[in-house]
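One structure is given below, encoded as structure tokens.
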Amino acid sequence: MIHEERTYRSLINKDNLYPYNVKIAESDLFISSDNNMADEALKSLIKHRNFLETYIKNYPEFRISLLPMPEDDLAPSIIRDMLCKSKICGVGPMASVAGAVSEFVGYDLLDKTENIIIENGGDIFLKSKNKLTVSVYAGESALSYKVNILVKPEETPLGICTSSATVGPSLSFGKADAVCVISTSATLADAAASSIGNKVKSKKDIKPALDYGINIPDVKGIIIIYGRDMGVIGNVELV
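To convert a position in the sequence shown, counted from 1, into the working numbering, add 16.
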């Protein structure tokens, strides 16, 4: 679900939702909702990016640390969430940034729409009244686009986030084509995908990485794709 050309953006069945794009610098949100809320989404994105940029100016290590940082009760909510969820997953806070932005913008818009899908660099926050299927993009893997996750409305709001060592700008110390994590928190799903992805350096690592990842609190399900091999664990319904 990460691809520079954004071709995967057609890979969520959106029924009759209204699609639009909101972009500031590296934050490139593709949103589908009951109506066009581009103005509200842009205001929300500006707000949360300002929180991030101000915090990074005051604490530059927040942007570059590959390890968890101390929690900060005085920080804005998006920063607190990133510090907390990245600590749970044993990664630096910025490993969760795309999922966090999707989630925080999503919650800002939820009182104005019953259905919303926000995708940010392959990291998705969604709330839906209907069943959805989400396809996993895994670069050059033969399984790319062929793995489809069924999402039931009662399971949402939900985060579905993907880390890849072979696609896109994500930093990964592993070699997986895709590590897709499902959680009620998109912030946590993003951090967990990075943490799990770091452990996959060969197809032999798929099972240990799944066993590790499913024990991260609030991880509901995981898909790992490595070349032609795939592993799945947890509450994942494939269609």
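Cβ atoms here follow ideal geometry from the backbone N, Cα and C, with glycine treated the same way.
Check your understanding: residue 207 and residue 107: beta carbons closer than 8 Å?
Key -> In contact: residue 207 and residue 107 (Cβ atoms closer than 8 Å).
Exercise for review: Tell me whether residue 233 is buried or exposed, calling it buried when 16 or more other Cβ atoms sit within 10 Å of its Cβ.
Suggested key: The residue is exposed, with fewer than 16 neighbouring Cβ atoms inside 10 Å.
Point to revise | Cβ-based burial, residue 163 [other Cβ within 10 Å; buried from 16] | key: Residue 163 is buried by the Cβ-count criterion.
Practice item. Could you check which residue in 148, 176, 178 and 179 has the C-alpha nearest to that of residue 168? Key: Closest option to residue 168, judged by alpha-carbon separation, among 148, 176, 178 and 179: 148.
Point to revise | Span of the beta strand (DSSP E) around residue 143 | key: Residues 139-143.
Practice item. Report the rounded CA-to-CA distance for residue 205 versus residue 239, giving the unit in angstroms. Key: Near 12 Å, if we compare the C-alpha coordinates of residue 239 and residue 205.
Check your understanding: Would residue 133 be called buried (16 or more neighbouring beta carbons within 10 Å of its own) or exposed?
Key -> Under this definition residue 133 is a buried residue.
**Study point:** Nearest to residue 210 (by Cα), restricted to the options 130, 250, 114 and 155
**Key:** Taking only the C-alpha atoms, the option nearest residue 210 is 114.
**Study point:** Between the CA atoms of residue 36 and residue 50 - distance to the nearest angstrom
**Key:** So the alpha carbons of these two residues sit roughly 11 Å apart.
Practice item. Assign residue 109 to buried or exposed, taking buried as 16 or more other Cβ atoms, counted over all protein chains shown, within 10 Å of its Cβ. Key: The residue in question, residue 109, is buried, as its Cβ has 16 or more Cβ neighbours within 10 Å.
Practice item. Using 10 angstroms around the beta-carbon of residue 131, count the other beta-carbons present and answer buried if the total reaches 16, otherwise exposed. Key: Its Cβ being crowded by 16 or more others within 10 Å, residue 131 is buried.
Practice item. Determine the DSSP secondary structure at residue 248, reduced to helix, strand or coil. Key: Secondary structure of residue 248 (DSSP, three-state): strand.
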